[in-house]
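J.: Throughout the sequence shown, residue numbering follows the numbering used here, covering 13 to 273 in sequence. Encoded as structure tokens, here's the structure I'll be asking about.
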Amino acid sequence: MTSHKAETIRINGCDTEFLRGGKGPTLLFLHGAGGINGWAPYLDALAQGYDVIAPSHPGFGRSEDPDWLDSVSDIAFFYLDLMESLELRDVHLVGNSLGGWIASEIVIRSDEKIKSLTLASAAGINVVGVPMGDIFMWSNEEAARKIFYDQEIANQRIAAGETMDEEQKDVQLKNYFTTGKLSWNPRFHNPDLSKWLHRIKVPTMIIWGENDEIFPTAYGEAYNALIPGSELRIIPECGHLPHQEKLEEFLDAVNSNTSKN
13 MTSHKAETIR INGCDTEFLR GGKGPTLLFL HGAGGINGWA PYLDALAQGY
63 DVIAPSHPGF GRSEDPDWLD SVSDIAFFYL DLMESLELRD VHLVGNSLGG
113 WIASEIVIRS DEKIKSLTLA SAAGINVVGV PMGDIFMWSN EEAARKIFYD
163 QEIANQRIAA GETMDEEQKD VQLKNYFTTG KLSWNPRFHN PDLSKWLHRI
213 KVPTMIIWGE NDEIFPTAYG EAYNALIPGS ELRIIPECGH LPHQEKLEEF
263 LDAVNSNTSK N
């Protein structure tokens, strides 16, 4: 396990928890609706080649829930301030699901500190005629079964949920409520985002699970069409979390993208 540590930084009046470990170019990983649950295997794998920074978004995990948090746009500006406060440069920005949406919103505003962008099963846009899965309507078990193609991994996730302590349950509930505040209406997208994705000029990799039941592959194809010069990789036998279900394929795509410049 790569040496890593948990730190807290205060940005715009918000105490923000983040994990950091590894050596190499800076990689900022933005999590999805489920949050960051410790130094996970995918973070450890990324840390073999990068200085990995993995925050809990405002309103998630052990980060504070600030009064100013109303939208994904707020979090995008927050991360621009965080990168400035940490004096980050040439950042490889990687986001999954909700984190991919946040990452897109960051880069359309400013790519000054961004060297590459990787979106994994990103929320943020709407594809007319292709319904997205509604996680707000699913039980924990149903969500696990739909999130993962490999049902053995789903079984492990369900079992882990049944043994959570009270603190873990509180964090899960906090993550759920903040996700709802940010993406309840309209569901998991910003109607204006697609108009501005052409502003993304950094090397962009789009990673999608072929069997994603939350955002079908048409969403990855739409992102690919909207971001000039982007590359789309669809991973077979993979659900909504490529970094957890198909780690080697995920790493290969990230490394391919970060090596482009």
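Ideal Cβ placement from N, Cα and C applies to all residues, glycine included.
Does the beta-carbon of Leu40 have 16 or more other beta-carbons within 10 angstroms, so that it is buried, or is it exposed?
T.: Burial call: buried.
J.: Between which residues of its own chain and Asp102 is the CB-CB distance below 6 Å, once the five residues before and five after are set aside?
T.: The answer, listed in chain order, is Lys127.
J.: Which residues in the same chain have their Cβ closer than 6 Å to the Cβ of Thr270, if we skip the five residues on either side of it in sequence?
T.: If we look at Thr270 and ignore the five residues flanking it on each side, its Cβ neighbours are His104 and Ser128.
J.: Tell me whether Val64 sits in a helix, a strand or coil according to DSSP, three-state version.
T.: Here Val64 sits in strand by DSSP.
J.: How about Pro70 and Thr20: are their beta carbons less than 8 Å apart?
T.: For Pro70 and Thr20, no; Cβs fall outside 8 Å.
J.: At which residue ranges does the region 99-185 contain complete alpha helix (DSSP H) runs of 4 or more residues, listed in the order of the chain?
T.: Listed in chain order, they are 110-121, 152-159 and 163-174.
J.: On the CB-based measure, 16 or more other CB atoms within 10 Å of its CB, does Arg22 come out buried or exposed?
T.: Exposed: under 16 other Cβ atoms inside 10 Å.
J.: Whose C-alpha, out of Thr14, Gly73, Trp80 and Ala132, is nearest the C-alpha of Cys250?
T.: Nearest option by C-alpha distance: Ala132.
J.: Looking at the secondary structure, which residues open and close the alpha helix (DSSP H) in which Trp220 lies?
T.: Note, Trp220: premise wrong, no alpha helix (DSSP H); beta strand (DSSP E) at Thr216 to Gly221.
J.: Hey, could you find the ends of the alpha helix (DSSP H) Gly47 is sitting in?
T.: Premise fails: Gly47 is in no alpha helix (DSSP H) and is neither H nor E.
J.: Looking at the unbroken beta strand (DSSP E) that takes in Leu7, where does it start and where does it end?
T.: Because the chain here runs from 13 to 273, residue 7 falls outside it and cannot be looked at.
J.: Inspect the beta-carbon positions of Glu257 and Phe160 and report whether they are closer than 8 Å.
T.: Yes. Within cutoff.
J.: Who are the Cβ neighbours of Trp196 in its own chain at under 8 Å, not counting the five residues just before and after it?
T.: Cβ within range, chain order: Phe148.
J.: Could you check where the alpha helix (DSSP H) with Ile212 kicks off and where it finishes?
T.: Careful: Ile212 lies outside any alpha helix (DSSP H) and carries neither H nor E.
J.: Which of helix, strand or coil does DSSP assign to Ile21?
T.: DSSP places Ile21 in strand when its eight states are reduced to three.
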